[in-house]
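According to this note's numbering, the stretch in the sequence shown is residues 142 to 684, in order. Every residue gets a Cβ at the ideal spot worked out from N, C-alpha and C, and that includes glycine. As the structure is a prediction and not an experimental result, all values here were calculated from the model. Structure record follows, encoded as structure tokens.
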Amino acid sequence: MRGNLLYVFFVLSILFVNAQEIDSVFVTLKREVDVLKDTKSKITALIDAGDQFIDKDDVKAEYFYDKAYNFLLEESNLEKAHVLLQMGRIYRTKGDYGKSLNLLLESKMIYENQNEERKYAEVLVDIGILYRYLRKPEKAITIFNESINLATSFNDSNTIGRSYNMLGGVYRVLQKYDSSKYSYNKAQSIFKDLKDSIKLNEIQSNMAMLYGRQKRYDKALEIHLKCLEFLKKLKDQNNIATGYSNISFEYRMLKDYDKALKYADSCLQLSKEFGFKQHITSAYRSKSRIYKDLGMYKDAFVNHTFYKRYSDSTFTVNKEKIIKGIELRNELEKEKLELQRINDRKELMANLYAALSIVIFSFSVITALLISRNYKERAKRAKDKLEKEKLKKEILAQKVKSSETELKNLIADNSMRLEFIKRLTQQIKDDKDSAEDKNVKRYANGLLLKLQQQIITENKLSSLQDKISEVNKNFDQNISNKYPSLTKTEREICSLLRLNLSIKEIASIRNSTTDSVKAIRYRIRKKMEIPKSQELENYIQTL
């Protein structure tokens, strides 16, 4: 017993030194935070300070988180979710499972609303751990598997490893040792790849507990002692208390009761120092069983009484009701949130339909306006085209009329010339008859012959006007439409060719040379693309 007391005194001395060091850091951080004026900077500093103490001193960590939480009461952001998660872990360590669950569920809801799937999966692990402590293994298994599936979707190895590690503990309690070992091996493989020595030490400790369940106490004790040395270097007080408790159990199973009591006392003193209610409960239960094994029933009863007192404060019917109430409230909040989301979606769809209707209506109006505008433009273009065609026809008609006038003038000139030639002929005849010189008569006869030929030609010209008017009725318009490349002169020649006049006659009418008329005929044949085997006059007469 004296050895046990000395060991406890040694442990307390170490704790005192560590506590002084932690207190010094706490005072420094507190002073640094207090001088900050900017609220945002102060919140960030408080959270960072809390994170620094979370694995060393829950009380001091809670101090900083509580200060940060007061600034974030009206918020629903990621900073608040982080504070709620850390405080949930602290209250779980303190054994206040109802408050822990409430904080963790609120944190989970914020992460869900913010679509932070990684943090959401992380919170699920902590909620699963809590249900394991609440002795609801099946629910814990469901939550751990949900976390694994979610974390696998974005390859979050750390959360997957934590979930498998916790699953191993649940299966161990359910005495499903193969499933427990499989889960621990999965977790160990993941954290080896991540080179996370802290998590690997935790898994080794859990594997040792599995060996203890399988009554391999020597192997379990060897691993627990190594893990404890590692934890002391980290100054992780909560897990150090767990290590003391586990080692006490293995020594008890090996019937080394002095050492079992020594480690149980160490667990008790450390847990009281830091307020680890769950470990206090476990320590009193271990001591009660050790004293019972030793036949020291009075001491066993005293420690059992303490165990019941702390156990009842952690697990009571009232607390069970509180936890169920928290779960129910969380479900109601989830349903309310889902209902709000449904209403938001309905409102969004209604707004989308309204916007779509406006877009469709606007599109229809714009389309109608464009169609109307296009129709008006086409109608205007058609009207302009019609006006141009009408103007062209008027110009063409004017040209035809002008040509007819010129032709009439030409015919009138021909008529006067014919009348003059006839009178001249008659005068020459009269003069010839009275002439006695034979040479004069012979010259007069030759001249009369030429004049007679000219009279015949002039007679033809005098009847030309009626024929041209008859032949050219709509002909000029048709040939102009069919062969727009023909010039005015070429169209006039076509009209004369339609009368079946010879090249010489056409040249005489137009007062031009026969070569000029031939050249125009050649151009007309080329533009009309008439083959050489076909007569030009015959083709023109078919038009």
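Practice item. Would you identify the three-state DSSP class for Gln-316, choosing helix, strand or coil? Key: coil
Practice item. Assign Tyr-432 to one of three DSSP states: helix, strand, or coil. Key: helix
**Study point:** Buried versus exposed call for Tyr-516 [16 or more other C-beta atoms within 10 Å across all chains shown]
**Key:** exposed
Practice item. Decide if Tyr-663 is buried, meaning its Cβ has at least 16 other Cβ atoms within 10 Å, or exposed. Key: exposed
**Study point:** Best match in Gly-436, Asn-444 and Cys-368 for proximity to Ala-405 [C-alpha to C-alpha]
**Key:** Asn-444
Review point. Mind checking whether Ala-222 and Ser-248 have CB atoms under 8 Å apart?
Key: yes
Exercise for review: Quick one: grab the DSSP three-state call for Val-176.
Suggested key: coil
Practice item. Kindly provide the ranges of any alpha helix (DSSP H) runs that are 4 or more residues long and lie completely inside the segment 322-355, ordered along the chain. Key: 338-354
Check your understanding: From which residue to which residue does the alpha helix (DSSP H) around Thr-655 run?
Key -> 655-669
Practice item. Return the residue from the list Leu-497, Asp-377, Ile-681 and Thr-628 that minimises the CA-CA distance to Ile-661. Key: Thr-628
**Study point:** Beta-carbon contacts of Val-149 that lie in its chain and below 7 Å, excluding the five residues immediately before and after
**Key:** Confidence is the limiting factor: at Val-149 the pLDDT is only 44, short of 50, which leaves the residue's position unreliable, though a coordinate-based value still follows. Result list for Val-149: Asp-406, Ser-407 and Gln-410, in chain order.
**Study point:** Reduced DSSP category for Ile-270 - H, G, I as helix; E, B as strand; rest coil
**Key:** helix
Practice item. In angstroms with no decimal places, state the Cα-to-Cα distance between Lys-623 and Cys-635. Key: 13 Å
Check your understanding: Under 8 Å, do Gly-353 and Glu-414 count as touching if we go by C-beta distance?
Key -> no
**Study point:** Distance CB(Ala-262)-CB(Arg-273) smaller than 8 Å
**Key:** no
Practice item. For Gly-384, count neighbouring Cβ atoms within 10 angstroms of its own Cβ and tell me buried if that reaches 16, exposed if not. Key: buried
Review point. Are there 16 or more other CB atoms within 10 angstroms of the CB of Ile-597, so buried, or fewer, so exposed?
Key: exposed
Point to revise | Local conformation of Gln-682 per DSSP, three classes | key: helix
**Study point:** For Phe-295, three-class secondary structure by DSSP
**Key:** coil
**Study point:** Contact belief for Ser-386 with Ser-427 at Cβ below 8 Å, rounded distance in angstroms
**Key:** 7 Å
Exercise for review: May I have the straight-line CA-CA distance separating Gln-568 from Leu-590, to the nearest angstrom?
Suggested key: 14 Å
Review point. Three-state secondary structure (DSSP) at Asp-237?
Key: coil
Exercise for review: Identify which residue in Lys-403, Leu-335 and Leu-308 has its Cα closest to the Cα of Tyr-323.
Suggested key: Leu-308
Review point. Beta carbon of Lys-235, beta carbon of Lys-418: below 8 Å?
Key: yes
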